[in-house]
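>
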Amino acid sequence: MKHEFSAKDKEKLEKLEITRRRGFRLLDLYSNFLNLEPDFIKKELIDELVSDCGVSVLEAYTAVLAAAFDIDSDERDEDLIFENEYLKKSVELLDPDVYKSSSYLQKIKFPTVKRANWEMRTSSYAPFEAFVCREITVEDDLKELPHIGFFTERFDFPSVFENGREWMTVTPNEIETMRSPLSEAHGRVITLGLGLGYFAHQASEKENVSSVTVIERDESAISLFSEFILPQFEHKDKIKIIRADALEYLEKNDPEERFDFMFADLWHDSSDGLALYIKLKSIEKKQKREESSSLVRRYWIENSILSRLRWLIYSEIVGENSKNLSITSYGELVKLLSNESLASIAGDIKNISL
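The working numbering applies: residue 17 is where the sequence shown begins, and numbers increase by one.
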């Protein structure tokens, strides 16, 4: 029998639904913008607005976005809330020097190379071109904010393309989203997924990291890295690469026995990451020994992946085709949908529609 929430809880659910819809609205707007024309905002337009209206570069940029997204805060109360509480809080003017100072970008030089279906080359963001600059942030009321950023000057970054599709990069987003796991990396480190070796490089430079074992299944990716990037590592003696499928490797080799820190980066973004994340959490659940475990496990863009999981579970509970999942109050629902709770139950999920 389906549980009925109390009248007070139903009011809170209505507010949560509004919060969810606003978050989805912003995600949809950004997704279309970034996929179709992320560089349509030009310097000349921003300079004109700054000069004529006496606003900052960031204010001018956000105003252009609001107009492009048909957000009319003068005529629609909902748009006023949406612009002030969502749009304005999710756009960032970035300082290129913060990222150019990365030891990886300072030390590693990238040739233009083609190998089988892979191509290594330098890509760039044009001035005022928008891009995802960090992962989703989540507030206590489950309000979510995606984050896009831009520079006022051209910004170059290394990239690898697979069959013409950008697959591996070292952009401000990668740098930002790896700050936290890199700060925690210690001892014997294992990382699932090679990419351009950014995580491996930064971890190897830490004095408290003794070794970095990289699990990568693609031979061309390993070849490109080993020939052109790894020789430039100051601490390449710490790096060991194992060619293997990460999931198969973990099934056969319990990282609890060999490593102190594990970092998983096997997905392109949260859309293809959720299914893999659930598989990895399932393996973690089987392997983790509560009393003796010292292995720290971290997952790239976990907040963004958990966001996708959050609203799938939410729909299972309160959507049109909701099921009884033994949730008896709004408080229980919010607790269940918290990042901490979702991460703890992800390894048990088997039937949710991804």
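For each residue, glycine too, the CB sits at the ideal point set by N, CA and C.
In the DSSP assignment, what residue or residues form a beta bridge with R38?
Here residue 38 refers to the residue found at position 22 when the sequence shown is read from its first residue. R38 pairs with nothing; no bridge assigned.
> Thinking C-beta only, is E108 closer than 7 Å to G165?
Reading the sequence shown from its first residue, position 149 is the one you call residue 165. Reading the sequence shown from its first residue, position 92 is the one you call residue 108. The answer is yes: Cβ separation under 7 Å.
> So, under 8 Å CB-CB, S323 and E160 are touching, yes? Tell me the CB distance rounded to an integer number of Å.
Stepping through the sequence shown from its first residue, residue 323 is reached at position 307. Stepping through the sequence shown from its first residue, residue 160 is reached at position 144. The Cβ separation is near 6 Å, so the contact holds.
> Who are the Cβ neighbours of M17 in its own chain at under 6 Å, not counting the five residues just before and after it?
Here residue 17 refers to the residue found at position 1 when the sequence shown is read from its first residue. Low per-residue confidence applies at M17: pLDDT is 46, beneath 50, and the placement is therefore not dependable enough to give any value.
> Could you check whether V71 and I57 sit closer than 7 Å to each other, using their CB atoms as the reference points?
By one-based count along the sequence shown, residue 57 stands at place 41. By one-based count along the sequence shown, residue 71 stands at place 55. Going by C-beta atoms, I57 is not nearer than 7 Å to V71.
> In the structure shown, what three-state DSSP assignment does M17 receive?
Translated into positions along the sequence shown, residue 17 becomes position 1. In this predicted model, M17 has a pLDDT of only 46, less than 50, meaning its place in the structure is not dependable; the value taken from the coordinates is given anyway. Correct three-state label for M17: coil.
> For the beta strand (DSSP E) containing D172, list its first residue and its last residue.
On the sequence shown, residue 172 is found 156 positions in, with the first residue counted as 1. Residues 171–178.
> Is G347 buried or exposed, if buried means 16 or more other CB atoms sit within 10 Å of its CB?
Translated into positions along the sequence shown, residue 347 becomes position 331. Counting Cβ neighbours within 10 Å, G347 comes out exposed, since fewer than 16 surround it.
> Compare the beta carbon distance of R204 and D276 with 7 Å and say whether it is the shorter of the two.
Residue 204 sits at position 188 when you count from the first residue of the sequence shown. Residue 276 sits at position 260 when you count from the first residue of the sequence shown. The answer is yes: Cβ separation under 7 Å.
> Do A201 and K297 have their beta-carbon atoms positioned less than 7 Å apart in this structure?
Taking the first residue of the sequence shown as 1, we reach residue 297 at position 281. Taking the first residue of the sequence shown as 1, we reach residue 201 at position 185. Going by C-beta atoms, K297 is not nearer than 7 Å to A201.
> Look at the Cβ atom of F173, then the Cβ atom of T187, and state whether they are nearer than 7 Å.
Here the question's residue 173 lines up with position 157 in the sequence shown. Here the question's residue 187 lines up with position 171 in the sequence shown. Yes, these two residues count as a Cβ contact at 7 Å.
> Anyone know if the C-beta pair for A146 and P54 falls short of 7 Å?
Position 130 of the sequence shown, counted from the first residue, corresponds to residue 146. Position 38 of the sequence shown, counted from the first residue, corresponds to residue 54. Yes, the pair counts as a contact, with Cβ atoms nearer than the cut-off.
> Which residue wins for smallest C-alpha separation from V350, given the options D364, A359, S360, Y330?
By 1-based counting over the sequence shown, the position of residue 350 is 334. Here the closest residue by C-alpha is Y330.
> Check whether the Cβ atoms of L263 and A237 sit closer than 7 Å, and answer yes or no.
Working through the sequence shown from its first residue, we reach residue 263 at position 247. Working through the sequence shown from its first residue, we reach residue 237 at position 221. No, the Cβ-Cβ distance between L263 and A237 is not below 7 Å.
> Are the region 124–142 and the region 87–102 touching, with three or more C-beta to C-beta distances below 8 Å?
The answer is no - the region 87–102 does not touch the region 124–142, with fewer than three Cβ pairs under 8 Å.
> So, is D281 buried or exposed, given that buried needs 16 or more other C-beta atoms within 10 angstroms?
Position 265 of the sequence shown, counting from 1, holds the residue named residue 281. Buried, since its Cβ has 16 or more Cβ neighbours within 10 Å.
> Would a C-beta distance cut-off of 7 Å place S286 and I255 closer than the cut-off?
Stepping through the sequence shown from its first residue, residue 286 is reached at position 270. Stepping through the sequence shown from its first residue, residue 255 is reached at position 239. Cβ atoms of S286 and I255: not closer than 7 Å.
> Can you look up H284 in the DSSP assignment and give me helix, strand or coil?
For this step, residue 284 is matched to residue 268 along the sequence shown. H284 falls in the coil class under three-state DSSP.
> Taking the DSSP output, what are the residues bridged to W134?
Locating residue 134 in the sequence shown gives position 118, where the first residue counts as 1. According to DSSP, W134 bridges with R131, E178.
> According to DSSP, is S140 helix, strand or coil?
In the sequence shown, counting from the first residue as 1, residue 140 sits at position 124. S140 falls in the strand class under three-state DSSP.
> Where does the unbroken beta strand (DSSP E) through L208 begin, and where does it stop?
Position 192 of the sequence shown holds residue 208. Per DSSP, L208 belongs to the beta strand (DSSP E) from 203–208.
> Compute the beta-carbon to beta-carbon distance between D319 and E151, rounded to the nearest angstrom, for a pair I have assumed lies under 8 Å.
Mapped onto the sequence shown, residue 319 falls at position 303. Mapped onto the sequence shown, residue 151 falls at position 135. Before going further, note that residue 319 is Asn rather than Asp in the sequence given. Right, the Cβ-Cβ distance comes to about 5 Å (below 8 Å), so this counts as a contact.
> Within the continuous beta strand (DSSP E) that includes G70, where are the two ends?
The residue labelled residue 70 in the question sits at position 54 within the sequence shown. Taken as a continuous stretch (DSSP letters only), G70 belongs to no beta strand (DSSP E), as it is neither H nor E.
> Output the residue ranges of the alpha helix (DSSP H) runs that lie fully inside the region 205–293 and measure 4 residues or longer, sorted by chain position.
Entirely contained in the region 205–293, the alpha helix (DSSP H) runs reaching 4 residues are, in chain order, 214–220, 235–240, 262–268.
> In this structure, does DSSP put L161 in helix, strand or coil?
In the sequence shown, the residue the question calls residue 161 occupies position 145. L161: strand per DSSP, three-state reduction.
> Report yes if the CB atom of A84 is closer than 7 Å to the CB atom of I62, and no otherwise.
Within the sequence shown, residue 84 is the residue found at index 68, counting from 1. Within the sequence shown, residue 62 is the residue found at index 46, counting from 1. Against a cut-off of 7 Å, the Cβ pair of I62 and A84 comes out as no contact.
> Mapping DSSP to helix, strand and coil, what is V107?
Taking the first residue of the sequence shown as 1, we reach residue 107 at position 91. In the structure shown, V107 sits in a strand (DSSP, three-state: E or B).
> Can you check DSSP and say which residues form a bridge with Y315?
Counted from its first residue, the sequence shown places residue 315 at position 299. DSSP, once it has assigned bridges, lists A280 as partnering Y315.
> Using CA atoms only, rank isn't needed, just tell me which of P197, L212, S242 is closest to K222.
In the sequence shown, the residue the question calls residue 222 occupies position 206. For K222, the nearest C-alpha among the options comes from P197.
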